[in-house]
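A.B. asks: If you scroll down you'll find the structure; I have some questions about it.
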Amino acid sequence: MRARVLVVAGLLGCWSLPAAARTVSDATVDRRGHEQVLLDCSSGELRRAVSLFANGTVRIRDEGGRDPGMRLGELEPGELQAFQNRIAEIDLSEVTLRVRGPSSETLEQCRLRLELTHGEVTEYRFPKLVALPLALSRLITVIDDVVALADERSRAASGLPLDYEPRVGDVLVKRDGSRHRVVRVTADGGGVEIVSLESPLVIYLPMEGVRGEFSEVEGRRRPVARRRQ
């Protein structure tokens, strides 16, 4: 099975809804960056935001906690279709937009944004630790399954060493075989500037995004020895 990890999400794809329910035709919709599902839950300084894009790309962003950062995984077309079918079967017509429950900075609060048909947005807000309406609970289960598969795919897809830290001069290889060199690490160590060795392309990435974009360290330039005076 082909597994990939992408940096820019949102190309092609469409939910399996009846043609009459679509307000914009496939030919006129620009699906680059079309975020169809967003589940954003936070509690105090902890936050996890999960986005599913129209082409099957899943973005997982964690803030705070033990493993902050962003991971990107891509579902295979058949997997995406299966998840789309499961969501299409859920009747959310009787679910209220705001589910009441305890409100506190220490309790996890969630925002679920759906744009299954381009241009038609529905947003639900609810506390995580309450009994949710059955339809909404089923939808959260589908999203959890998406996250589990994409997270596993994302972590397994990178061939970089787990303890790899980019250094200036490193030559990194993408999955398409293109080669790039690290030319700068930011002063705070939180990001890198990488240039292509085959085109004028320049990439700026957060440190945690390097593993998702590159699969191999081809070489590491040795530091230049200083001449003795």
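Letter by letter, the sequence shown follows residues -12 to 216 of this note's numbering.
Even for Gly, the Cβ is constructed at its ideal location relative to N, Cα and C.
May I ask you to report which of helix, strand or coil DSSP gives residue 19?
C.D. replies: Residue mapping note: residue 19 aligns to position 32 of the sequence shown, counting from 1. Bear in mind that the predicted position of residue 19 carries a pLDDT of just 48, short of 50, making it unreliable; the figure below should be weighed with that in mind. It is coil, neither helix nor strand.
A.B. asks: Grouping DSSP H, G and I as helix and E and B as strand, with all else coil, what is residue 31?
C.D. replies: Residue numbering aside, residue 31 sits at position 44 when the sequence shown is read from its first letter. DSSP, read as helix, strand or coil, puts residue 31 in coil.
A.B. asks: Should residue 112 and residue 85 be called a contact, given that it needs their Cβ atoms to be closer than 7 Å?
C.D. replies: Counting from 1 along the sequence shown, the entry for residue 112 is found at position 125. Counting from 1 along the sequence shown, the entry for residue 85 is found at position 98. Contact flag set, yes.
A.B. asks: Could you give the first and the last residue of the continuous alpha helix (DSSP H) run that contains residue 190?
C.D. replies: Numbered from its first residue, the sequence shown carries residue 190 at position 203. Counting along the chain, residue 190 falls outside any alpha helix (DSSP H), though it belongs to the beta strand (DSSP E) covering 189 to 193.
A.B. asks: If we count the other Cβ atoms within 10 Å of its Cβ and call it buried at 16 or more, is residue 13 buried or exposed?
C.D. replies: Numbered from its first residue, the sequence shown carries residue 13 at position 26. The predicted model places residue 13 with a pLDDT of 44, which falls under 50 and marks its position as unreliable; any figure quoted below should be read in that light. Classification for residue 13: exposed.
A.B. asks: For residue 163, which three-state DSSP category applies?
C.D. replies: The residue you call residue 163 lines up with position 176 of the sequence shown. Three-state DSSP puts residue 163 in coil, outside helix and strand.
A.B. asks: Between the alpha carbons of residue 34 and residue 80, how many angstroms are there, rounded?
C.D. replies: Along the sequence shown, read from residue 1 onward, the residue named residue 34 stands at position 47. Along the sequence shown, read from residue 1 onward, the residue named residue 80 stands at position 93. Using only the alpha carbons, I get a separation of about 28 Å.
A.B. asks: Measuring straight from C-alpha to C-alpha, what distance separates residue 159 and residue 172?
C.D. replies: As a first step, residue 159 is located in the sequence shown; it is residue number 172 there, counting from the start. As a first step, residue 172 is located in the sequence shown; it is residue number 185 there, counting from the start. Going from the Cα of residue 159 to the Cα of residue 172 covers about 14 Å.
A.B. asks: Answer yes or no: do residue 218 and residue 22 have a C-beta to C-beta separation smaller than 7 Å?
C.D. replies: The question about residue 218 has no answer, for the chain in this structure spans -12 to 216.
A.B. asks: Does DSSP put residue 156 in a helix, in a strand, or in coil?
C.D. replies: Taking the first residue of the sequence shown as position 1, residue 156 is located at position 169. Note: residue 156 maps to coil in three-state DSSP.
A.B. asks: Just reading off the alpha helix (DSSP H) that residue 77 is part of, what are its end residues?
C.D. replies: Here residue 77 is taken as the residue at index 90 of the sequence shown, counted from 1. Neither: residue 77 is in no alpha helix (DSSP H) and is coded neither H nor E.
A.B. asks: Just tell me which of 103, 152, 99, 175 has its CA closest to the CA of residue 131.
C.D. replies: By one-based count along the sequence shown, residue 131 stands at place 144. Closest option to residue 131, Cα to Cα, is 99.
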